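Working notes, beginning with the structure itself.
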Ligand code: GDP
C-alpha cells in the first residue's frame with residue numbers, strides 16, 4: 239500500500255498524489271468517512287490489476303463545509319487596498335482557522351498600488367497575532383515567502399471578492415488556471431455551481447483552488463465566552479485580570495488586557511473589533527436564550 243493525498247474527485251474516481259506520482263484510484267464504499275472521500279483526505283492506495291483502489295482513509299484533522307475539503311493546514315487571508323479591507327471579516331477568519339487547527343496567515347496583496355502607510359499600519363495591527371506577508375500578484379513580491387509557508391502542507395485562500403485570490407493562486411501555481419477579475423468570473427461561477435474543488439500541487443506545496451467560504455462566518459452555536467481563546471495576543475495578560483478566567487475583557491475593572499491595550503502592547507483596533515464581535519455574539523446568544 240502507498241500513501242497519498244486525494245487532490246481531485248469526480249464520481250468515484252479520485253486523483254491521488256503519491257510519492258510515485260499522481261494515480262487514478264477507485265473507492266470501496268465502506269471505507270468512506272461520513273459517506274464520502276473528500277479532496278484533501280489522506281489515503282492508502284493499492285494496485286489492483288491495472289487500476290488503483292483506495293484501501294484506507296486516514297482520520298481527518300479537520301473538514302470544511304464550503305468547499306468540501308479535508309486536512310487544511312494553512313489559510314491565507316487575503317486583503318488589498320482595493321476593495322477596502324473588512325478587518326472584522328479578517329478577524330472572524332482568524333478565529334475560524336484557529337478553531338479548525340488551521341494556521342492563519344495574512345497576505346496584503348496589491349502592494350504595487352498600496353500606500354506604504356497601508357502596509358505598515360496593517361502589519362503593526364497584526365504584529366504578534368499572525369504572520370503577515372506583503373505581496374502582489376502583479377509584481378510577485380515575496381512569492382518565496384508564501385511558498386515557504388505552504389511547503390509540504392495544504393493551503394487555502396480566503397477573503398473578500400476581488401482582493402486577488404485567483405490572481406495569487408495563478409502566481410503560486412505559475413498557471414492561468416483561475417479566471418480573474420470582475421463580472422465574467424461571476425457568470426462563469428454561476429454556471430458551475432456544483433464544481434468540485436481541486437488541490438493544485440506545485441513544488442511540494444498544495445493549494446486548494448477555491449476559497450474557503452466556510453471560513454467567513456462563525457458557527458451558529460459559537461459561545462461569546464470562547465472568543466478570547468482565539469486571540470493569542472491576549473493570552474499573556476488574560477490570567478492577570480482581577481476576575482481571571484471569568485473576565486471577558488469588556489467592562490470588568492482591573493482588566494490586564496485593557497491595560498495592555500492602553501499601553502500599546504495589544505493593538506487598539508484589534509481590541510475594539512474584539513469588543514464588537516463579542517457583543518454581537520452575546521446578543522445572538524441572548525436572543526436565542528430568550529426564545530427558548
Ligand atoms: P478574487 O475575486 O479575490 O479572486 O480576485 P481576482 O484575482 O479576480 O482579482 C480581482 C482584480 O484585482 C483583477 O482585476 C486583478 O487583475 C486585480 N489584481 C489582483 N492582484 C493584483 C495585484 O497584485 N495588483 C494589482 N494592481 N491588481 C491586482
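In the numbering used here, the protein residues as written are 239 to 530. Just so you know, even glycine gets a beta-carbon here, dropped at the ideal spot from N, CA and C. All values reported here derive from a predicted model rather than from experimental measurement.
- A distance below 6 Å between beta-carbons, with the five flanking residues on each side excluded, links residue 350 to the following residues of its chain, in chain order: 374, 376 and 377.
- The way I'd put it, the region 298-315 does touch the region 382-391; three or more beta-carbon pairs between them come closer than 8 Å.
- When beta bridges are read from the DSSP output, residue 463 appears opposite no residue.
- When only Cα atoms are considered, residue 486 and residue 453 end up about 24 Å apart.
- Close CB contacts of residue 414 within its chain, under the 7 Å cut and outside five residues either way in sequence, are with 408 (chain order).
- With a minimum length of 3 residues, the unbroken runs of beta strand (DSSP E) contained wholly in the region 311-358 fall at 312-317 and 341-346.
- Fewer than three pairs of CB atoms, one per stretch, sit closer than 8 Å, so the region 320-334 makes no contact with the region 275-282.
- When the beta-carbon positions are compared, residue 297 and residue 291 stay at least 8 Å from each other.
- Closest in C-alpha terms to residue 366, from the list 471, 510, 345 and 307, comes 471.
- For residue 263, no alpha helix (DSSP H) encloses it; the enclosing beta strand (DSSP E) starts and ends at 259-265.
- Counting C-beta atoms within 10 angstroms of its own C-beta, residue 359 has fewer than 16 neighbours from the protein chains shown and is therefore classed as exposed.
- Between the alpha carbons of residue 435 and residue 300 lies a gap of roughly 16 Å.
- A distance below 7 Å between beta-carbons, with the five flanking residues on each side excluded, links residue 263 to the following residues of its chain, in chain order: 252, 254, 283, 290, 291 and 292.
- Shown here, residue 482 sits in a helix according to DSSP, grouped into three states.
- DSSP places residue 494 outside any beta strand (DSSP E); the residue lies instead in the alpha helix (DSSP H), whose first and last residues are 494-500.
- For residue 495, the Cβ stays outside the 7 Å cut-off from all heavy atoms of the ligand GDP.
- Of the heavy atoms belonging to the ligand GDP, none sits nearer than 7 Å to the Cβ of residue 301.
- Assignment of beta-bridge partners to residue 477 by DSSP yields no partner.
- With fewer than 16 other Cβ atoms inside 10 Å of its own Cβ, residue 257 counts as exposed.
- Between residue 398 and residue 474, the C-beta gap is not smaller than 8 Å, which leaves the two residues out of contact.
- No heavy atom of the ligand GDP is found nearer than 7 Å to the CB of residue 257.
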